[in-house]
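**Q** Quick one: structure below, then a few questions.
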Amino acid sequence: MGNQQNSCTLTEKDIALLVKTSGKTEDEIRQWYNEFCLESNNTGRMNKRQFQIYYTKLKKNPNLDKITDHIFHAFDADNSGTIDFREFLIAYIATTSGTNQQKFEYSFDVYDIDDNQLIEKKEARKILSLLCRILDLSEDDAKAYTETLMLTFDTNNDKVLTRTEFINGCLHDSTLAHMSNPFSF
Numbered sequence: 003m004g005n006q007q008n009s010c011t012l013t014e015k016d017i018a019l020l021v022k023t024s025g026k027t028e029d030e031i032r033q034w035y036n037e038f039c040l041e042s043n044n045t046g047r048m049n050k051r052q053f054q055i056y057y058t059k060l061k062k063n064p065n066l067d068k069i070t071d072h073i074f075h076a077f078d079a080d081n082s083g084t085i086d087f088r089e090f091l092i093a094y095i096a097t098t099s100g101t102n103q104q105k106f107e108y109s110f111d112v113y114d115i116d117d118n119q120l121i122e123k124k125e126a127r128k129i130l131s132l133l134c135r136i137l138d139l140s141e142d143d144a145k146a147y148t149e150t151l152m153l154t155f156d157t158n159n160d161k162v163l164t165r166t167e168f169i170n171g172c173l174h175d176s177t178l179a180h181m182s183n184p185f186s187f
């Protein structure tokens, strides 16, 4: 997706697809697209830095710069190093107004830093440390959350979390789910 758009052009086919997949109206899609184009210097694609500025502005939380690199990685569906409008809108809608299942799918991708489809303890610790900093919590809090997350969600005791373990854990433990969700800030 990220490589397909070379300029800020949105076709009727694109709009129809985005209306269907995002639940937004055609006018809302066009409004989002115009803003996205402005923020991407009319290229139709955002690099990591542009995304960091745009996402922080959208979420109205200046402390998010600590985690936006990982959110960018989760949103960059084709691993192109840029995010096109389709990637952005589908991911943003899913993480802000989607189902809990959709939010936790993207959350898993934020935690899975090395893309091996597993969350290792060190990956969980890194993301939870960033989230704790956003909340002005200590490194000790991050360590405790990491231990609790791994012990609670790792149902087969293999010291890593699969996508299924992570999502099921989040769906069944609302306290840990909230703390583990980088999109709830």
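Letter by letter, the sequence shown follows residues 3 to 187 of our numbering. Cβ coordinates follow ideal geometry from the N, Cα and C atoms, glycine included.
Check whether the Cβ atoms of LEU133 and ILE69 sit closer than 8 Å, and answer yes or no.
**A** yes
**Q** For the alpha helix (DSSP H) that contains LEU163, what are its first and last residues?
**A** Looking at the DSSP string, LEU163 is not in any alpha helix (DSSP H); the run it does join, the beta strand (DSSP E), is 162 to 164.
**Q** Run through DSSP, which three-state label would ASP116 get?
**A** coil
**Q** Assuming PHE90 is part of the alpha helix (DSSP H), what are its boundary residues?
**A** Run containing PHE90: 87 to 99, per the alpha helix (DSSP H) assignment.
**Q** Can you list, in chain order, the residues of its chain with a C-beta nearer than 6 Å to that of ASN5? Leave out the 5 residues immediately preceding and following it.
**A** Bear in mind that the predicted position of ASN5 carries a pLDDT of just 43, short of 50, making it unreliable; the figure below should be weighed with that in mind. Within the same chain, and ignoring the five residues on either side of ASN5 in sequence, the residues whose Cβ sits closer than 6 Å to its Cβ are SER82.
**Q** Hey, could you find the ends of the alpha helix (DSSP H) ASP29 is sitting in?
**A** 28 to 41
**Q** Using 10 angstroms around the beta-carbon of ILE31, count the other beta-carbons present and answer buried if the total reaches 16, otherwise exposed.
**A** Classified as buried, ILE31 has 16 or more neighbouring CB atoms from the shown chains inside 10 Å of its CB.
**Q** Using DSSP bridges, identify the partner residues of GLU125.
**A** Answer is none; GLU125 lacks a bridge partner.
**Q** Taking Cβ positions, are ILE136 and ASN65 nearer each other than 8 Å?
**A** The answer is yes: Cβ separation under 8 Å.
**Q** Go through its chain and collect everything with a Cβ distance to ALA179's Cβ below 8 Å, but skip five positions before and after it.
**A** Spatial neighbours of ALA179 in its own chain (CB-CB distance under 8 Å, excluding positions within 5 residues in sequence) are listed in chain order as ASN102, PHE106, GLY171, CYS172 and LEU173.
**Q** Are there 16 or more other CB atoms within 10 angstroms of the CB of ASP114, so buried, or fewer, so exposed?
**A** With a 10 Å radius around the Cβ and a threshold of 16 neighbouring Cβ atoms, ASP114 comes out buried.
**Q** Compute the Euclidean distance between the alpha carbons of GLU14 and LYS50, then round it to the nearest angstrom.
**A** 27 Å
**Q** Looking at ALA144: is its Cβ nearer than 8 Å to the Cβ of SER131?
**A** yes
**Q** Can you have a look at ILE55 and say buried or exposed, based on whether 16 or more other CB atoms are within 10 angstroms of its CB?
**A** exposed
**Q** Please go through the same chain and pick out, in chain order, the residues whose beta-carbon is closer than 7 Å to the beta-carbon of MET3, but skip the five residues on each side of it.
**A** Interpretation of MET3 is limited by its pLDDT of 42, a score under 50 that renders its predicted location unreliable; the figure taken from the coordinates is listed afterwards. Within the same chain, MET3 has close Cβ partners ALA79, ASP80, ASP86, ARG88 and GLU89.
**Q** Need the endpoints of the alpha helix (DSSP H) that LEU151 sits in, please.
**A** 141 to 155
**Q** Do LEU19 and TYR35 have their C-beta atoms within less than 8 Å of each other?
**A** Contact: no.
**Q** Which whole-angstrom value describes the C-beta separation of LEU153 and ALA126, a residue pair presumed to lie in contact below a C-beta threshold of 8 Å?
**A** No, LEU153 and ALA126 are not in contact; Cβ-Cβ is about 11 Å, not under 8 Å.
**Q** Locate the alpha helix (DSSP H) running through THR13, then write down its first and last residues.
**A** Unbroken run through THR13: none, as it is neither H nor E.
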